[in-house]
Amino acid sequence: RPEARKLLPVPLVLFERLVGALAADAQAADESEDGVCLLSAETAQSAVRALCDTAGLLLEYLENVLDDGTDVTGDPDTRLAVTRAVGSFLAELPDPHASRIDSILPRLLSHHAAPGAMCPDQASRSLTTRFMLPYLLQRTEDPHGLEAFERAKGPAALASLAERVTGNVTGDDDGPVEIDAQEAVGVVAAVCATFRNAMEGTERGHAEEPLAVDAAKAFADVAGTLSEWAERVLNDRTVAWREGGDVEDGTFLRGLQGLRRDGVVGAGAPGAWRQMLDFLRALVPAESDQLLIGANSFTSGGGAGYLSHSDGEEDEETFDGEDAPVFDEDPELNAQVRAKFEAMRKEGALNVD
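Mind the numbering: the sequence shown is residues 51 to 403 in our numbering, read in order.
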């Protein structure tokens with residue numbers, strides 16, 4: 051068994067890479083004029099079925115761990131690695147195993163001190179939430195997914211994740227996680243979009259109002275932290291940023307920067323979540339969701355890497371003073387962004403100190 055465990059990262063990483071390759075092939079076909087894939091339709095369908103079956107087996111392992119404590123590895127790092135692999139599949143195909151995932155979601159996302167929780171500490175809980183983030187973003191567009199999200203206390207788990215990736219950790223944690231600015235923007239944007247989905251679901255009658263209130267409170271709790279982080283990223287020219295920042299990233303960061311450092315007040319007042327929803331719709335428009343779902347940065351940074359001490363990626367890049375965000379080089383756009391969110395505050399769309 052120890053020898054088998056040493057080899058476990060290989061099939062898990064291979065599984066993630068195959069999922070990514072199939073998704074990339076399908077995307078290339080969608081973007082090409084003739085719609086031609088590298089794989090034939092029969093080969094692609096066969097591969098998807100095999101990956102779906104494998105994801106089901108990995109999910110069965112997690113179910114056994116959560117239901118009766120049966121863990122053939124006895125290793126929390128292995129559980130994280132399997133969760134990451136399952137999350138990579140769910141990011142591309144959330145539907146085949148949705149009901150099974152929804153049934154264990156409360157224990158996947160629960161605080162480590164809660165009975166039946168899978169994660170032994172806050173750090174592993176944040177990673178598990180991060181691995182599930184693309185799934186949560188898609189699943190909260192469905193009424194059944196909203197129910198599961200509420201049962202799992204999803205808003206609280208997302209708020210905890212947002213604090214961790216932006217470097218703000220609580221006393222029971224083990225310190226801030228090392229994450230570059232581009233990854234953090236992807237994670238925080240997806241968190242905000244999931245909060246938006248929860249509130250929109252309530253607005254459409256697909257969920258009860260307590261879910262929208264919980265999502266609004268969770269965002270309000272971290273708004274000050276996110277505002278400080280966004281300002282730090284925008285102003286710190288030494289922040290590691292791969293390939294330069296996109297204009298869209300700058301729009302998102304400047305929207306967060308506009309929040310006061312003390313955060314949003316009155317989020318729990320009756321109907322206040324509707325004002326919060328207006329802000330989040332401007333901050334993360336629905337049309338950006340597909341881009342967020344397809345970004346692998348949400349599910350990187352852990353999992354199989356804990357077993358092999360490497361996640362298979364290339365060596366870390368080093369950054370010097372010239373590696374800086376470029377999105378702040380468009381003063382006209384920046385002025386428009388600041389004006390838009392300032393107008394929202396004046397109109398009462400956001401209550402801030």
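Glycine included, every Cβ here is placed at the ideal spot set by N, Cα and C. Computed from a predicted structure; not experimentally measured.
Pair within 8 Å by beta-carbon distance, residue i and residue j
i: PRO156; j: ARG189; result: no
i: VAL12; j: ALA206; result: The question about residue 12 has no answer here: the residues shown for the chain are numbered 51 through 403.
i: ALA94; j: PHE139; result: no
i: HIS161; j: LEU109; result: no
i: ALA239; j: PRO184; result: no
i: ALA198; j: ASP152; result: yes
i: ARG246; j: VAL334; result: yes
i: TRP323; j: ALA262; result: yes
i: ALA243; j: LEU342; result: yes
i: GLY217; j: MET182; result: no
i: LEU177; j: LEU130; result: yes
i: GLN232; j: SER277; result: no
i: PRO170; j: PRO126; result: yes
i: ASP75; j: LEU88; result: yes
i: LEU116; j: ILE154; result: yes
i: LEU158; j: LYS203; result: no
i: CYS102; j: LEU62; result: no
i: GLY305; j: ALA266; result: no
8 Å contact criterion, which residue i and residue j should meet: CB distance rounded
i: LEU24; j: MET249; result: Nothing about residue 24 can be reported from this structure: the residues present for the chain run from 51 to 403 only.
i: VAL283; j: LEU309; result: Not quite, the Cβ-Cβ distance comes to about 14 Å (not below 8 Å), so this is no contact.
i: ARG175; j: VAL237; result: Wrong, their Cβ atoms sit about 15 Å apart, outside the cutoff.
i: LEU330; j: HIS256; result: With 8 Å as the limit, LEU330 and HIS256 do not qualify as a contact, their Cβ atoms being about 17 Å apart.
i: ASP339; j: VAL235; result: Not quite, the Cβ-Cβ distance comes to about 15 Å (not below 8 Å), so this is no contact.
i: ALA97; j: LEU72; result: 6 Å
i: ALA406; j: GLU66; result: Given a span of 51 to 403 for the chain in the structure shown, any question on residue 406 remains unanswerable.
Simplified DSSP state of residue i, which is helix, strand or coil
i: ARG405; result: Because the chain here runs from 51 to 403, residue 405 falls outside it and cannot be looked at.
i: PRO170; result: coil
i: SER82; result: coil
i: GLU258; result: coil
i: PRO320; result: coil
i: GLU66; result: helix
i: PRO146; result: coil
i: SER90; result: coil
i: ALA97; result: helix
i: LEU58; result: coil
i: GLU191; result: coil
i: LEU196; result: helix
i: LEU309; result: coil
i: GLY221; result: In this prediction, GLY221 scores a pLDDT of 42, lower than 50, which makes its location untrustworthy; no coordinate-derived value is stated.
i: THR216; result: coil
i: PRO203; result: Residue identity differs from the one stated: residue 203 is Lys in this sequence, not Pro. Three-state DSSP puts LYS203 in coil, outside helix and strand.
i: ALA164; result: coil
i: ASP75; result: helix
i: ASP299; result: helix
i: ASP125; result: coil
i: ASP286; result: coil
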